[in-house]
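Chemist: Residue numbers (our numbering): 297 to 725.
Listed below in structure tokens is the structure:
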């Protein structure tokens with residue numbers, strides 16, 4: 297009679313070296329691990345990465361498809377009449393004891409079954425079993441986005457026994473697992489894999505005991521080119537556009553105001569659109585800092601025009617006030633000279649009337665000349681006092697609006713360049 301393997305390969309010829317699986321499986325209890333009651337089972341693990349499909353900052357996760365290879369020894373399935381390794385049908389897996397390996401930080405996972413279940417099982421004469429499966433899993437990855445988009449992330453794939461403690465099963469990386477096949481060939485849209493490493497540790501649980509855990513750590517560096525094109529360059533251009541107003545005349549109020557408001561609103565739109573693809577995290581990201589730097593410079597350019605325009609109006613009003621005061625003082629001096637001329641001519645009645653009208657103090661007759669001279673000196677002192685007050689005010693007078701624009705043309709670009717140097721050094725070093 298043909299055994300199971302003979303039936304599987306569809307041969308009508310008895311193959312002498314094939315072991316009789318019926319004999320091997322007699323008394324086999326798949327619910328118990330190999331060597332129960334004795335030393336723990338040594339399970340060697342190896343991973344081959346097929347793809348990393350999606351890395352999400354919003355959900356703090358990544359999706360990976362891997363080939364997970366597990367190897368252990370089950371003496372109950374050993375055969376010694378041949379040295380040939382036996383490849384078994386994937387359905388035979390249901391009859392064997394398997395390590396209860398699971399992905400600790402997986403959010404979801406599933407097997408592939410096209411066109412058949414993607415499982416491989418091989419049996420060696422000494423009872424060593426090689427079990428390989430293809431798994432796609434969405435795995436949690438805690439990300440620090442404080443340096444986004446100049447950030448580097450470390451994601452892990454943790455493998456552990458779900459029910460067997462270290463007394464029953466011990467995991468270790470396969471001796472052939474010196475590197476992860478397929479990982480160096482991956483082309484990711486937003487990241488570059490810079491390094492990876494394997495770790496082994498024992499997890500202590502008070503209620504369940506110690507459990508072995510194997511971890512794959514891989515380091516991701518974000519590709520910055522797309523962010524420079526989509527976020528940084530437009531922000532820099534908007535800031536530079538706001539500086540154009542410094543070369544527009546102060547009298548062109550609609551042009552300068554509309555340019556300032558347009559750049560502010562465009563900067564706001566750019567900030568909102570960039571943040572929509574990121575999680576609402578409490579950490580302040582590097583991109584947020586740069587957006588706010590640009591927003592402050594754009595808004596400051598608008599405020600600069602408001603300040604310059606206010607200074608221009610204020611200076612114009614002050615000049616008009618000073619001009620009016622000087623004209624009034626000159627008229628008073630001319631009136632005093634006229635009064636002095638009339639007194640010399642001896643027109644006493646007119647002088648008395650003029651003195652009462654201009655509130656010149658009376659004096660004894662014969663001292664008219666003294667009165668008029670003192671009156672003229674008084675008017676001159678008033679003009680001198682007015683000039684002194686104007687001189688004091690000139691020390692604290694507002695800067696000319698055109699001068700403010702000239703200063704802004706140099707100060708704004710220099711300040712923005714200095715802030716950029718500090719920013720890029722702080723977030724890239």
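Beta carbons: idealized from backbone N, C-alpha and C, even for Gly. Since this is a predicted model, take the numbers as computed values, not measurements.
1. Which residues bound the alpha helix (DSSP H) around residue 550?
2. Suppose only complete runs of 3+ residues qualify. What are the beta strand (DSSP E) ranges in the stretch 451-525, listed by chain order?
3. Roughly how many whole angstroms lie between the Cα atoms of residue 482 and residue 509?
4. Whole-angstrom Cβ separation of residue 579 and residue 441, contact assumed at under 8 angstroms?
5. Cα separation between residue 558 and residue 527?
6. Considering only residues of the same chain and omitting the five flanking positions on each side of residue 498, which have a CB-CB separation below 8 angstroms?
7. Does the structure place the stretch 319-329 close enough to the stretch 443-453 that three or more beta carbon pairs sit under 8 angstroms?
8. Give the C-beta separation of residue 600 and residue 704 to the nearest angstrom, bearing in mind that I take them to be a contact with Cβ-Cβ under 8 angstroms.
9. Going by DSSP in three states, residue 579 sits in which element: helix, strand or coil?
10. Is the separation between the beta-carbon of residue 604 and that of residue 701 shorter than 8 angstroms?
11. Count the other CB atoms within 10 Å of the CB of residue 725; is the residue buried (16 or more) or exposed (fewer)?
12. What does DSSP give as the partner residue(s) for residue 397 in the beta ladder?
13. How would you write the range of the beta strand (DSSP E) that residue 340 sits in, first residue to last?
14. Keeping to the same chain, check which residues put their C-beta closer than 7 angstroms to that of residue 395; ignore five residues upstream and five downstream.
15. Would you call the CB atoms of residue 430 and residue 398 closer than 8 angstroms?
16. So, with DSSP's three-state summary, where would you put residue 328?
17. Count the other CB atoms, across all protein chains shown, that sit within 10 Å of the CB of residue 525; report buried if there are 16 or more and exposed otherwise.
18. Buried or exposed: which applies to residue 434, given that a residue is buried once 16 or more other Cβ atoms fall within 10 Å of its Cβ?
19. I'd like the span of the alpha helix (DSSP H) that includes residue 538, first residue to last.
20. Rounding to the nearest angstrom, what Cα-Cα distance links residue 308 and residue 432 in this structure?
21. How many whole angstroms separate the CB atoms of residue 490 and residue 517, which I take to be in contact at a CB cut-off of 8 angstroms?
22. Could you check which residue in 478, 598, 576, 486 has the C-alpha nearest to that of residue 534?
23. Among residues of its own chain, excluding the 5 on either side of residue 556, which ones have a beta-carbon nearer than 7 angstroms to its beta-carbon?
24. Taking all protein chains shown into account, do 16 or more other C-beta atoms lie within 10 angstroms of the C-beta of residue 279, making it buried, or fewer, making it exposed?
Modeler: Judging by the given coordinates:
1. Residue 550 -> alpha helix (DSSP H) spans 549-571.
2. Assignment of beta strand (DSSP E) within the stretch 451-525, counting only whole runs of 3 or more residues, yields 465-469, 487-501, 505-518 in chain order.
3. About 26 angstroms.
4. Indeed they touch by this definition, with Cβ atoms about 6 angstroms apart.
5. Roughly 17 angstroms between the two C-alpha positions.
6. The residues are 462, 506, 507, 508, 509.
7. Taking 8 angstroms as the limit for Cβ pairs, the verdict is that the stretch 319-329 does not touch the stretch 443-453.
8. Here residue 600 really is in contact with residue 704; their C-beta atoms are around 5 angstroms apart, less than 8 angstroms.
9. Annotated three-state conformation of residue 579 is coil, per DSSP.
10. Cβ atoms of residue 604 and residue 701: closer than 8 angstroms.
11. By the neighbour-count definition (other C-beta atoms within 10 Å, threshold 16), residue 725 is an exposed residue.
12. Answer by DSSP bridge pairing, in chain order: 457.
13. Residue 340 -> beta strand (DSSP E) spans 337-352.
14. Counting only Cβ-Cβ distances below 7 angstroms, and skipping sequence neighbours, we find 339, 366, 368, 457, 465.
15. At a Cβ-Cβ threshold of 8 angstroms, residue 430 and residue 398 do not count as neighbours.
16. Residue 328: coil per DSSP, three-state reduction.
17. With fewer than 16 neighbouring CB atoms inside 10 Å of its own CB, residue 525 falls in the exposed class.
18. Buried, because 16 or more other Cβ atoms sit within 10 Å of the Cβ of residue 434.
19. From DSSP, the alpha helix (DSSP H) with residue 538 extends over 529-538.
20. Because residue 308 sits at a pLDDT of 48, beneath the cut-off of 50, its placement in the model cannot be relied upon, and the following sentence gives the value as read from the coordinates. For residue 308 and residue 432, the distance between alpha carbons rounds to 39 angstroms.
21. Confirmed, about 5 angstroms.
22. Closest by alpha carbon: 598.
23. Excluding five sequence positions before and after residue 556, the CB atoms of its chain that fall closer than 7 angstroms to its own CB belong to 538, 541, 597, 598, 601, given in chain order.
24. The structure shown does not extend to residue 279, since the chain is modelled only from 297 through 725, so no value can be given for it.
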